[in-house]
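Numbers in this note's numbering are just positions in the sequence shown, counted from 1, shifted up by 5. Ideal placement from N, C-alpha and C gives every residue a C-beta, glycine not left out. None of these values were measured; they are calculated from a predicted model. Notes follow once the structure below has been shown.
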Amino acid sequence: MSKNWLMTRRRALWFGLASLTGIVTQAGCRAMRPSYPIQALEDPARDFTVLGEAYLRERAAAKGLIYGAASGYDKLASDTKFTARFIQECGILVPEGELKWTALRPSPDKFDFTLGDWLSEFAHTNGMLFRGHTLVWNQSLPEWFKDTVNSKNAEQVLTTHIKTVAGHYAGKIHSWDVVNESVSPEHGRPDGLTVSPWLNFLGVDYIALAFRTARQADPQALLCLNEAVGGGKEDNFRRKAILTLLQRLLSQGTPIQALGIESHLGGRLSNADLTTFRGFLHDVASLDLKILITELDVIDKDLPLDINVRDRMVAGVYEDYLSVVLEEPAVIAILTWGLSDHYTWHSTYNPREDKAPVRPLPLDAQLKRKLAWNAMARAFDNASRHRTHIPNPQLSHGTIRETSP
Ligand code: G3I
């Protein structure tokens, strides 16, 4: 991986982190009093009790929601204990990297679906939905890209990729992140769009082109824009840029149906940021779009070393965030970016200074339920059941089981 990539990710991460930690008075965002109780994170008396033994996918399904996680082929193909737990807890699988350009495109004229197909088959065999991530991104592009793609052939390269990949998985995909991280205010453009090869070669309309091409190739998958955004004041412009982009795409008749919100959260949330975030979700839903939380995890890098304290703080963030998110009926799915602390990108990208293993996910490294798991279960259990799904063949596979905990 290049140093540039790392720098970009770190910067992006700090924006994501900061996005849920500041105090906010967002102009234009309706003032809403939260109806959910937010308790102090450090509160040692905070109750994370969960009733029953049901798995997260079942608790989510009982409220018309989908729960699942990201994983790579290497884990699911080799770690049988992890795989068994993944099947129990998850109703949807998203490949962490196997559907990115770096994995699918060994050379300009070749597609390699080997690992993606294995994961798609794995999901379907085990009664899980399968999610696509991602058709268009400014990162994870193969080495050959910079020497091969230019303003003359970019449109053809982009549409060929989308037609081939979305066409290959048509009928097997619940939802596609058609365009990933298209908004990056830190890149300095007045419209807040990410400066990427696609933008440079094709202009701002590359986004609409990608969605139109994906829709032609797969008429059934839910088509999503996937963005990293939170409720902090640092994200005021980011939220505005995303809403403006969504409005523009919809006014052009672009076939976009959902916003994915990554949700790599910092270790502390403020009520003010959550209130602003609630308003943002409402604004997105007002555009008649669905919302998916696509990459949820909690970065514990700066939290206390003591696991008891740290796990409580992480769990508090999970429950507070999800309680707000699940108030919005447009939210249809929650995915964590990994399931077990044994396999998390934060071990590499956000290690702790004290070198203690990071604990950002619902299961610990031994696959045991942590308080973060309880927090998720409680948020699902406490959510109201008033959701509707966009019809999708994958949703009628009987995989969304209506079981009560
Ligand atoms: O597969 C190679 C392996 O062959 C090689 O030995 C190894 C050496 O570094 O690298 C491996 O590839 C790495 C790959 O993850 C698989 O582990 C890449 O270098 C590394 O860049 C890649 O990082 C992924 C990153 O996206 C870039 O694609 C992370 O695992 C993945 O968690 C992260 O996910 C992103 C989402 O796609 C978008 N949102 C943010 C999220 C976190 O950054």
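At which residues does the alpha helix (DSSP H) containing residue 312 begin and terminate?
Counting along the chain, residue 312 sits inside the alpha helix (DSSP H) bounded by residues 312-330.
Run of the alpha helix (DSSP H) containing residue 206, from where it starts to where it stops:
Start and end: 202-207.
In three-state terms, what does DSSP make of residue 245?
Residue 245: helix per DSSP, three-state reduction.
Alpha carbon to alpha carbon, how far is residue 114 from residue 164? Give it in angstroms, no decimals.
Distance between the alpha carbons of residue 164 and residue 114 is about 13 Å.
Once the 5 residues before and after residue 309 are set aside, which same chain residues still bring their CB inside 7 Å of it?
For residue 309, the CB contacts under 7 Å within the same chain, skipping 5 residues up- and downstream, are 315 in chain order.
So, with DSSP's three-state summary, where would you put residue 190?
In the structure shown, residue 190 sits in a helix (DSSP, three-state: H, G or I).
Does the separation of the CB atoms of residue 381 and residue 327 fall below 9 Å?
Between residue 381 and residue 327, the gap from beta carbon to beta carbon is short of 9 Å.
Classify residue 41 as helix, strand or coil using the three-state DSSP reduction.
In this prediction, residue 41 has a pLDDT of 41, which is less than 50 and means its spatial position is unreliable; what the coordinates show is noted afterwards. Residue 41 falls in the coil class under three-state DSSP.
By alpha-carbon positions, which one of 300, 354, 346 and 204 ends up nearest to residue 101?
When only C-alpha atoms are compared, the closest one is 300.
For residue 68, the three-state DSSP class (helix, strand or coil):
Note: residue 68 maps to coil in three-state DSSP.
Straight-line Cα distance separating residue 261 from residue 255
Going by the C-alpha atoms only, they are around 7 Å apart.
If you reduce the DSSP assignment to three classes, tell me which class residue 170 lands in.
Looking at residue 170 - three-state DSSP - the assignment turns out to be helix.
Could you round the C-beta distance between residue 355 and residue 306 to whole angstroms and report it? I think they count as a contact, below 8 Å.
Going by Cβ atoms, the distance from residue 355 to residue 306 rounds to 5 Å, so yes, they are a contact pair.
Using alpha carbons as the reference points, say which of 206, 217, 76 and 213 lies closest to residue 159.
Nearest option by C-alpha distance: 206.
Backbone secondary structure at residue 358 - three-state DSSP
Residue state, collapsed to three classes: coil.
Going by other Cβ atoms of all chains shown within 10 Å of its Cβ, with 16 needed for buried, is residue 148 buried or exposed?
That one is exposed.
Report the three-state DSSP secondary structure of residue 118 (helix, strand or coil).
Correct three-state label for residue 118: coil.
Using a Cβ distance threshold of 8 Å, determine whether the stretch 222-241 contacts the stretch 271-285, with at least three qualifying pairs required.
These segments touch.
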